[in-house]
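In the numbering used here, the protein residues as written are 55 to 155.
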């Protein structure tokens, strides 16, 4: 579980850092990395932990690509990963007066 969480968080941080560097903001690499880590680290850790906990609970850690139960568990784990950080994200967006849409 630690390996999957580390790879998920690392890939998210790399993507966010790159987007902050080459996107509209054009931040320097160090500032982009600090911004990416600061703005979503708690959210990413919460998402990864919820997804992995639900997945492990439902599948026992077994990956069976030909099993409908595996794919059903994947749907539930993705939903849990989406829902778990929502309260934190909502509070942060309200605090800083930002909107998602």
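Virtual Cβ for every residue (Gly too), placed ideally from N, Cα, C.
| query | result |
| --- | --- |
| Just the Cα atoms here: how many angstroms apart are residue 83 and residue 72? | 8 Å |
| Check whether the Cβ atoms of residue 74 and residue 81 sit closer than 8 Å, and answer yes or no. | yes |
| I need the boundaries of the alpha helix (DSSP H) containing residue 152, first residue and last residue. | Per DSSP, residue 152 belongs to no alpha helix (DSSP H) and is neither H nor E. |
| Could you compute how far the alpha carbon of residue 116 sits from the alpha carbon of residue 70? | 31 Å |
| Work out the CA separation of residue 90 and residue 140 for me, nearest whole Å. | 18 Å |
| Consult DSSP for residue 119 and reduce its assignment to one of helix, strand or coil. | coil |
| Could you tell me the distance, in whole angstroms, from the CA atom of residue 107 to the CA atom of residue 63? | 16 Å |
| Given residue 135, which residues of its chain have a CB within under 6 Å of its CB, disregarding the five upstream and five downstream residues? | 101, 104, 105 |
| Quick one: what does DSSP say residue 138 is sitting in, helix, strand or coil? | coil |
| On the premise that residue 109 lies in contact with residue 138, defined as a C-beta separation below 8 Å, what is that separation, rounded to the nearest angstrom? | About 13 Å; that fails the 8 Å criterion. |
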